[in-house]
Amino acid sequence: MKSINEISFNGKRVFIRVDFNVPFNDEGEITDNSRIVAALPTIEFVISSGGACILASHLGRPDGINPELSLRKIIPELKKLLGEDVIFLEDSIGDQTKEICSNLKKGQIALLENLRFYKEETKADERFAKQLSGLADIYINDAYGTTHREHASTATIAQFFSEKAPGMLLEKEINSLKKLMDKPKKPVTAIIGGAKVSSKISVIANILGFVDNLIIGGGMAYTFIKNNGGRIGDSIFEADRLNGCTEILSKAKNENVNVFLPEDILCSNEFSNSGLQKVTNIYEVPEGWQGLDIGPKTMDKFEQVILGSSTILWNGPMGVFEIPSFEKGTHSVAKTVAKATQNGAYSLIGGGDSVAAIKKFGLQNQVSFISTGGGAMLESLEGKLLPGINALSQ
Ligand code: AMP
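Heads up: the sequence shown begins at 30 in our numbering, then just goes up one per residue.
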């Protein structure tokens, strides 16, 4: 796979697949512009290297043309952030779009209308991809969050370009996963939490191949404890995943991975801030009570393991961190990961809720890398080849 630094952009038109799928409030204002901000370095790099940019993205899940989901809505924010004019193209393909793109001058930036206004986009349609490819000389994919999807603009299109590469954001994502999965600095610790074991079981099974320690927290821990014969009261658990837990634990044993489950937990008789609360042994949760956070002994144990690690992966909260009474465990892990990073460890945080948690505690600048792709990152961790990344090497 080529690097963006090996490509000459001078006088070239560059199709950049970005992720401008940003959230809006009812007034039509962007509530979080971080995806646009994340795409700026690549756009600025192409412009400063003498190229012209044709930006393409999806927004939401339209069923045909839907003005509510027009990318025109992001033009003011994009112009403001870039400090440059941006030409909006009402159609992502067609003669007029082709004409405008072919006349783009060095330094000009155009944004195509929402790619998903064409159903061909999500169907990975070859004809549509070829039409898109006809707009530019070079293909850059910088939309990590969609690389696990085989769509026209994320995968099919790449075959029509001889010059193609990941953008700066995508390159960082690829390199951060390499640091974790490809000869990582040992010991490696994975901290996996969140509500359900079912959504992460393939991730856990795959990472056992390269981690030394596996910390399991959050709601998913209770399925493991139940499987070990514990009494978990009314805590969340998945009856159909008990065998999965047995398989994980036996694989961990074969691979010499140390597994750390919570010892004590904070439980409540209500799923809210206002119920009764107490700390119990995780194997002895009374009926009518549910475990909603890890307890103090567990926090200390997890801290010890994390601080002894050179490479750390964190995905999923340790408890219901959205409710203040049950945020301590997740906060403690976030602080410890930040401290381990300060001591020289490499830390990678990924998956929607752990990212939300680290931001909630204001520690997002104290870890090595925060992945921008939830689903894409989980699929990478499962060991899958992502179509959007694979296409860049063909
Ligand atoms: P996930 O999307 O699988 O990473 O799960 C994240 C969600 O898991 C968060 O919304 C947490 O509130 C929830 N969660 C974490 N621990 C527990 C628990 N012990 N009981 C119920 N939900 C939990």
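Glycine residues also receive a C-beta, built at the ideal position from the N, C-alpha and C atoms.
Where residue i falls: helix, strand or coil (DSSP)
| i | result |
| --- | --- |
| I254 | helix |
| Y3 | Shown here, the chain extends from 30 to 423; a query on residue 3 therefore has no answer. |
| A363 | helix |
| T340 | strand |
| N287 | strand |
| F53 | strand |
| F398 | strand |
| G40 | coil |
| S354 | helix |
| V334 | helix |
| D322 | strand |
| I59 | strand |
C-alpha gap between residue i and residue j, whole angstroms
| i | j | result |
| --- | --- | --- |
| Q395 | I122 | 43 angstroms |
| A187 | R178 | 14 angstroms |
| E313 | L295 | 12 angstroms |
| R46 | D154 | 16 angstroms |
| I33 | Y168 | 10 angstroms |
| G403 | A67 | 15 angstroms |
| I230 | F390 | 27 angstroms |
| S182 | G80 | 20 angstroms |
| P52 | P105 | 15 angstroms |
| I116 | S63 | 21 angstroms |
| D124 | L107 | 25 angstroms |
| N235 | T126 | 45 angstroms |
| A139 | I83 | 5 angstroms |
| R42 | K280 | 50 angstroms |
| K193 | I65 | 21 angstroms |
| K307 | F266 | 20 angstroms |
| G262 | L342 | 30 angstroms |
| K364 | S205 | 21 angstroms |
Element boundaries [alpha helix (DSSP H), containing residue i]
| i | result |
| --- | --- |
| N204 | M197 to M210 |
| D124 | D124 to S131 |
| L26 | The requested residue 26 is not part of the displayed model; the chain covers only 30 to 423. |
| L111 | I104 to L111 |
| I418 | P416 to N419 |
Identity of the residues DSSP links to residue i by a beta bridge
| i | result |
| --- | --- |
| A85 | R46 |
| I138 | C82 |
| E313 | R260 |
| D114 | Answer is none; D114 lacks a bridge partner. |
Residue i - containing beta strand (DSSP E), residue span
| i | result |
| --- | --- |
| N242 | N242 to I245 |
| V66 | Here V66 belongs to no beta strand (DSSP E); instead the alpha helix (DSSP H) covers S63 to S77. |
| K159 | K159 -> not in any beta strand (DSSP E); alpha helix (DSSP H) instead, spanning E155 to S162. |
| S231 | Element bounds for S231: not the beta strand (DSSP E) but the alpha helix (DSSP H), I230 to I236. |
| V217 | V217 to I221 |
| Y462 | For residue 462 there is no data in the structure shown, the boundaries of the chain being 30 and 423. |
| D293 | D293 to S297 |
Can you confirm whether the stretch 341–359 touches the stretch 302–313 when touching is taken to mean that 3 or more C-beta pairs between the two stretches lie within less than 8 angstroms? yes
The stretch 70–80 contacting the stretch 208–219, beta-carbon criterion three pairs below 8 angstroms: no
How do the stretch 320–333 and the stretch 282–293 stand: do at least 3 beta-carbon pairs fall below 8 angstroms, yes or no? yes
Three or more beta-carbon pairs under 8 angstroms between the stretch 272–288 and the stretch 315–329, yes or no? no
With a threshold of 8 angstroms, are at least 3 pairs of Cβ atoms found where one atom belongs to the stretch 140–153 and the other to the stretch 86–93? yes
Stretch-stretch touch, CB-based, cutoff 8 angstroms, three pairs: the stretch 372–381 with the stretch 248–261: no
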